[in-house]
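*Asks:*
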Amino acid sequence: MKNASEIARELVSRRLAACVNMFPISSIYRWNEQIAEQNVIAMFVKTDSSCLNEIIEVVKSLHTYDLPAIEFWEIEGEQEYLDWVHVNSS
Amino acid sequence: MKNASEIARELVSRRLAACVNMFPISSIYRWNEQIAEQNVIAMFVKTDSSCLNEIIEVVKSLHTYDLPAIEFWEIEGEQEYLDWVHVNSS
Amino acid sequence: MKNASEIARELVSRRLAACVNMFPISSIYRWNEQIAEQNVIAMFVKTDSSCLNEIIEVVKSLHTYDLPAIEFWEIEGEQEYLDWVHVNSS
Numbered sequence: 001m002k003n004a005s006e007i008a009r010e011l012v013s014r015r016l017a018a019c020v021n022m023f024p025i026s027s028i029y030r031w032n033e034q035i036a037e038q039n040v041i042a043m044f045v046k047t048d049s050s051c052l053n054e055i056i057e058v059v060k061s062l063h064t065y066d067l068p069a070i071e072f073w074e075i076e077g078e079q080e081y082l083d084w085v086h087v088n089s090s
Numbered sequence: 101m102k103n104a105s106e107i108a109r110e111l112v113s114r115r116l117a118a119c120v121n122m123f124p125i126s127s128i129y130r131w132n133e134q135i136a137e138q139n140v141i142a143m144f145v146k147t148d149s150s151c152l153n154e155i156i157e158v159v160k161s162l163h164t165y166d167l168p169a170i171e172f173w174e175i176e177g178e179q180e181y182l183d184w185v186h187v188n189s190s
Numbered sequence: 201m202k203n204a205s206e207i208a209r210e211l212v213s214r215r216l217a218a219c220v221n222m223f224p225i226s227s228i229y230r231w232n233e234q235i236a237e238q239n240v241i242a243m244f245v246k247t248d249s250s251c252l253n254e255i256i257e258v259v260k261s262l263h264t265y266d267l268p269a270i271e272f273w274e275i276e277g278e279q280e281y282l283d284w285v286h287v288n289s290s
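So the protein lines, in turn, are chains P, G and U. Under our numbering, the first sequence has 7 at position 7, and the numbering climbs by one with no breaks. Under our numbering, the second sequence has 143 at position 43, and the numbering climbs by one with no breaks. Under our numbering, the third sequence has 275 at position 75, and the numbering climbs by one with no breaks.
(1) Buried or exposed: where does G:ASN153 fall if 16 or more other Cβ atoms within 10 Å of its Cβ makes it buried?
(2) Can you give the Cα-Cα distance for U:ASN203 and U:SER261, rounded to whole angstroms?
(3) Please compile the residues from chain P whose C-beta is within a distance smaller than 8 Å of the C-beta of U:TRP284.
(4) Taking the alpha helix (DSSP H) that U:ILE275 falls in, what are its first and last residues?
(5) Is G:ASN132 helix, strand or coil when you go by DSSP?
(6) Where DSSP assigns a beta bridge to U:CYS219, which residues make up the other side?
(7) Anything in the segment 112 to 123 of chain G with a Cβ closer than 8 Å to a Cβ of chain U? List those residues in chain order, please.
(8) Residues of chain U with CB closer than 7 Å to the CB of P:ARG9, please, in chain order.
(9) In terms of alpha-carbon separation, which member of G:ALA169, G:ILE175 and G:ILE170 lies closest to U:ILE270?
(10) Within 8 Å (strictly less), CB to CB, does G:ASN153 reach chain U?
(11) Check each candidate in P:SER50, P:GLU37 and P:CYS51 and name the one with the smallest Cα separation from U:SER213.
(12) Excluding the 5 residues preceding and the 5 following U:CYS219 in the sequence, name in chain order all residues of the same chain whose CB lies nearer than 6 Å to its CB.
(13) Along the chain, where does the alpha helix (DSSP H) that runs through G:LEU162 open and close?
(14) Would you kindly check if the distance between the Cβ of U:ALA208 and the Cβ of G:ASN121 is under 8 Å?
(15) Under 9 Å between beta-carbons, which chain G residues line up against P:TYR81? List them in chain order, please.
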């Protein structure tokens, strides 16, 4: 959790995200043609799309993995909450 | 978890959701220009889009937070499951 | 977790998914006109859209539930990671 928490705090303090959620997951994946399993931390980063490139740079520079799994998708939401995300991440 | 469970049961019993998933997360966010961290419950609400406005009202009225983070996005899915969601939430 | 882990390993070893994340959730839903609550495992399956039909078949055949909740949505992502998912799941 330490690395995830560090990344989350960096994103929020630099106003690259309004909020970051973290939770532990078990991950099963293919690596070097073998099946690996690891306990890691998943993060949901709530942000304005204008921050995406900078977030990717921060995650890549702070993450201990060679290839962090960075995915994003657009959401809709309750308007007052979306406004809060926008104000706090752009 | 008590508040989350109460909201989930309200949504399912009023047929505003076919299913609600809950899991504990750690949330880091900006509030009053400071960085706050809290353990909270995330919820995935499986519903028909026709229920969205009513769900927002229920969550806002039952939630203990001033600004609950309400997000939504469209999904596709296995047809029999989507039919079940539709029948149980509209 | 046993059933979820079995499904995850089957998907990754058959190259139907590059990676599968698993985490425990509490699920509240309507079943036979009653409200049920169960502790289950949620899975995020990272895959190429070309694998979807085969994934659905595998999940249905291995899952212990009559109606597993199979949802999917498109994501964007960091390019090197997307390439890795594509290479490992198609």
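Using N, Cα and C, we set each Cβ at its ideal position, and we do this for glycine too.
*Replies:* Looking at the atomic coordinates:
(1) In the second sequence, the residue the question calls residue 153 of chain G occupies position 53. G:ASN153 should be labelled exposed.
(2) Translated into positions along the third sequence, residue 203 of chain U becomes position 3. Translated into positions along the third sequence, residue 261 of chain U becomes position 61. Distance between the alpha carbons of U:ASN203 and U:SER261: 11 Å.
(3) As a working mapping, residue 284 of chain U is identified with position 84 in the third sequence. Those within 8 Å of U:TRP284 in chain P are LEU67.
(4) Within the third sequence, numbered from 1, the residue matching residue 275 of chain U stands at position 75. No alpha helix (DSSP H) holds U:ILE275; DSSP gives it neither H nor E.
(5) Numbered from its first residue, the second sequence carries residue 132 of chain G at position 32. G:ASN132: coil per DSSP, three-state reduction.
(6) Within the third sequence, the letter at position 19 stands for residue 219 of chain U. U:CYS219 is bridged to P:TYR29 and U:LYS246.
(7) VAL112, SER113, ARG115, ALA118, CYS119, VAL120, ASN121, MET122 and PHE123
(8) Position 9 of the first sequence, counted from the start, is the residue given in the question as residue 9 of chain P. Within 7 Å Cβ-Cβ: nothing; P:ARG9 doesn't reach chain U, min ~21 Å.
(9) As a first step, residue 270 of chain U must be located in the third sequence, where it is residue number 70. Among G:ALA169, G:ILE175 and G:ILE170, the Cα nearest to that of U:ILE270 belongs to G:ILE175.
(10) Here the question's residue 153 of chain G lines up with position 53 in the second sequence. Chain U contact via Cβ: absent.
(11) As a first step, residue 213 of chain U must be located in the third sequence, where it is residue number 13. Of the listed residues, the one whose Cα sits closest to U:SER213 is P:GLU37.
(12) One-based indexing of the third sequence puts residue 219 of chain U at position 19. Taken in chain order, the residues that qualify are LYS246.
(13) The residue given as residue 162 of chain G occupies position 62 in the second sequence. Segment 152 to 162, the alpha helix (DSSP H) holding G:LEU162.
(14) Here residue 121 of chain G is taken as the residue at index 21 of the second sequence, counted from 1. Here residue 208 of chain U is taken as the residue at index 8 of the third sequence, counted from 1. No.
(15) As a first step, residue 81 of chain P must be located in the first sequence, where it is residue number 81. Under the 9 Å cutoff, chain G gives LEU167, PRO168, ALA169, ILE170 and GLU171.
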